[in-house]
Amino acid sequence: MRRNVFILMATLFGIIAVIGIGLYVYLRSFIPNYNAALKAPGLKDTVVIERNKYAVPTIRAQNDDDLYFAWGYVNAQDRFFQMETTRRISQGRISEFAGESELTKDMFLRSVGFYEIAKRSAKALDPTIAGYLQRYVDGINYYLDTHGTPPYMQILGMQKEKWQIEDAGAVSMMLTWSLAYNMKNELLYYKMADKVGHDGVMQLVQYCAPDSPTTVDDIVSLVPSNVEAILRGGESIPPAVASINAKRERSLSAEKKLASLFDDFGWLLGTRSTSNAWVVSPQKTAHKGTILVSDMQLHFSKLPNDLYYIRVNAGDYYAVGAQVPGLPVIVSGYNRHIAWANTNNNIDIVDLFTETIDWDKKTYRHAGNEYPLTSREELFRVKGRKEPIRKTLYYAGRRPILSEVFSDLGVDISLDWMGFEELTYEGFFHLNRAHNHDEFLDGANAIRMSPTNMVYADREGNIAYRVIGSLPARKEGTGNLPANGEEVDCNWTGNIPDDEYPAVKNPPRGFIVTSNNKVVKDFPYDLNPTYYAKYRYENVATMLRDAYDIDLDYARKVHVDTHTVMANEVVPLVKRYVAIDENDADMKGAYDILLEWDGNVSKDSVAASIYNTFFVRFAYQTVVDEIGHEAASEYIGDQRLSVGRFFKLLKDDSDFFDDVRTPGKESIRDIATRAFKETLVILAKYSGSPRVEDWKWGTFHKITFDHLLGKSALLRPFVNYGPFPFEGDRQTNNRASFSEVEPPFITEQASAPRIIVVFDPEPKGYMMLATGENEYFLSEHYTDMTDAWLRHEYFCMEEEPARYKTTMKPE
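Put into structure tokens, the structure is as follows:
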């Protein structure tokens, strides 16, 4: 009997082992083969694809058509699931693979019409550019024809579909929309205004301090190099300004629904983007050539990363850098003559409207008249349902009515955005091939996407800056709260003329910095920007100002520096306002550690833990009693909105420091002391140690790389990577943004694709991605750059030898 049981158990384990081995072998069969000899349709000549040890591809072709074909093949080989997911998001087809719970997302996406915009944009392309894109999608489709359905798609029940040239435009549309995070600002203002009214919102919301340094004009407000210097001279608390339109109406019920929607969108599209970029002229470099440095921070926590490194060469066309998979252009990189890099410009490109609608007559009111709503029927195929769901989408003019998308909003709200105007990315094709600054400007002028700041350097020793994209000229209001659609038709009057875009070339100071900061001192147009606080800009600019003979090593040092300039203002607040109990050894010890700190937000810094936790708790405790936990957490978590204004509240000794929940009247000192004591309790509790010396920043501040399929607890261990202790914070050069008001502080954005370009006189590119080139979890190139990235290492594109080689020949 025992022998039979043993045989049965052995047989079962054997079957399980065979199935497991078979599954593993099957899954490994989808790892890309980078050493291959292929024959492909439509090629005119041989194409060689070499990859270095990180699998970064170099494509060498004899002509443009073959180059773009191979480019499409390579992108699909490494990132097809990412590309296909982005395409289907743009089409409003999430519920096809994710189920009915995602239907409202699809309704929103189709209401806005991202894919329809992409199709219109494709039809308007220059024939040469359209030809490049056709060969690019031919390469994608060749990959699909010669390979099975990727495992990720099999898990979600997705079928392969051929790509069209408008699909590249759809990727561009999603990139443009993902930078339109000012819509979230409007929704937050709704929430706050419901609690504190219009006047209260005016006291809390700020966009840019008057003394903020500007990229175009000059370098102002540069800072001492450490906290000790500011303590000796006293603290500097910048003034701030706020602008909000009193005529704007609001609806809290609509806000809650929409806020929920966009919070949920975050894992697909993201809603904020930050970056640093700077260029240095030969007068300040050791080799007497220009240097360009870039780190686009985009939706950092996604795995794979939004960006992909590549080098392409066909005849005179040579370009290296980072691209968005699905769109065959280099958005940040260099060619043999010039280099370029982007940061987000933060201009308001989305507005909400309240509408007055008669649903019985299907009309909306504007300027005292009634106009018919337009509509269209949409069919939504939903995973788990045999029959599609039919929905009617309505529009007031060009604005989609979101209350039809979400029937229980309780108010009729519509949306307008810059994307309803002309959108095109074809200028990047010209910019990538530019030989000089004039040709660069020709390409920049042809880009009509979300506004970005672009820095420029070339081999002739020139440096420059230019805003690119669509700059809508705002004709009334601020766009901070929804406009009344009955009174306002559109908040914009077209685009600002190209020759009036902010720009600068070869400034006397010898460098240009952009860190999502204020662009220009005086500008004749109201752009309603939401600039980030000045601190990253100040730190980069100070390090560049004080240095001569800048070389690659110093550029790296600036790139990954983890000192926070904002400590120069926060630490003095602790000294001025926190009442220390001299009999409390832990409180006195934490206080002394903070006052002796050099401002370096390293993983091992105890002071960094105290500093960051204290600041968010101080700001949170100031406003939570007035606007509630949810709004306070979001407001304080978004330092674009709260930092400058918080310092202004301090300067004004605002009534917000009174806790309205208590009978007495609290002062700044009361709230600061409460926040400091609370900080000690929070850090001790989270770390599990009462010992202050155990409170290292890396204990509380983590970085994790999350895959779309990581939402499944079963798949999470296989497709996610991390967490890792991480340095930096929201105001350091090596940025590590988090939005929590208590630990754990999870890094949402960081300098994922790092690029340094040195012209000496030929360009060399030094790079490192936060994850890897390939999206497949079994590939050795899934996260093979992560450890080197965490160590602040770079590889040189021109010096790294080839490890893999694929040849493509005509059939």
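Quick note on the numbering used here: the sequence shown kicks off at 3 and runs consecutively. Where is the CB? At the ideal position from N, CA and C, for every residue including glycine. Bear in mind the structure is a predicted one, so any value in this text is a computation, not a measurement.
Is DSSP giving residue i helix, strand or coil here?
i    : result
S377 : strand
W697 : coil
N541 : helix
V580 : coil
L354 : strand
L329 : coil
W494 : strand
L417 : strand
Q285 : helix
I403 : strand
H631 : helix
I391 : strand
W280 : strand
Y550 : coil
Would you mind reading off the limits of the beta strand (DSSP E) that contains residue i?
i    : result
P727 : Y723 to P727
S92  : Per DSSP, S92 belongs to no beta strand (DSSP E); it is in the alpha helix (DSSP H), D66 to S92.
V506 : A505 to K507
S296 : I293 to M298
D654 : Taken as a continuous stretch (DSSP letters only), D654 belongs to no beta strand (DSSP E), being part of the alpha helix (DSSP H) at Q641 to D654.
P153 : First-last for P153: P153 to L158, but that is the alpha helix (DSSP H), not the beta strand (DSSP E).
Using 10 angstroms around the beta-carbon of residue i, count the other beta-carbons present and answer buried if the total reaches 16, otherwise exposed.
i    : result
Y56  : buried
T217 : buried
R718 : exposed
I757 : buried
S405 : buried
S174 : buried
A324 : buried
I232 : Note that I232 has pLDDT 27, beneath the 50 cutoff, so the model's placement of it is unreliable and the number below is only indicative. Label assigned to I232: buried.
Y476 : Inspection of the sequence shows that residue 476 is occupied by Arg rather than by Tyr. R476 should be labelled buried.
I91  : buried
I21  : exposed
S253 : Because the pLDDT at S253 is just 35, under 50, the model does not fix this residue reliably, and the value given afterwards should be weighed accordingly. Flag for S253 reads buried.
A446 : buried
Q161 : exposed
Per DSSP, residue i is paired with what?
i    : result
K304 : D708
G767 : V759
K811 : K41
V457 : A343 and Y467
Do you know offhand how far residue i's Cα is from residue j's?
i    : j    : result
T734 : A535 : 11 angstroms
L651 : G666 : 20 angstroms
W73  : D786 : 22 angstroms
L181 : V457 : 18 angstroms
N54  : I61  : 12 angstroms
S611 : K364 : 57 angstroms
G171 : Y527 : 29 angstroms
P510 : R313 : 33 angstroms
E801 : M770 : 14 angstroms
Y550 : K286 : 5 angstroms
D654 : G202 : 14 angstroms
W419 : V58  : 36 angstroms
D140 : E424 : 26 angstroms
F267 : Y533 : Confidence at F267 is low in this model, with a pLDDT of 48, below 50, so its placement is unreliable and the value that follows should be read with caution. Near 23 angstroms, if we compare the C-alpha coordinates of Y533 and F267.
A754 : Q299 : 6 angstroms
S826 : S283 : The shown model of the chain, from 3 to 813, leaves out residue 826, and the question about it has no answer.
P374 : Y396 : 10 angstroms
P129 : N348 : 32 angstroms
L780 : F82  : 15 angstroms
E632 : V469 : 35 angstroms
A132 : Y138 : 10 angstroms
N337 : A634 : 46 angstroms
L127 : T426 : 8 angstroms
F15  : Y28  : 20 angstroms
V562 : D491 : 46 angstroms
A100 : I629 : 35 angstroms
Y311 : T345 : 18 angstroms
Which first and last residues belong to the alpha helix (DSSP H) in which residue i is found?
i    : result
D147 : P129 to T148
D108 : L105 to V114
V683 : I670 to S689
L309 : Premise fails: L309 is in no alpha helix (DSSP H) and is neither H nor E.
Following a CB-centred definition, is residue i positioned closer than 8 angstroms to any heavy atom of the ligand GDP?
i    : result
K536 : Summarising the ligand content, the structure contains no ligands, and the ligand GDP is consequently not present.
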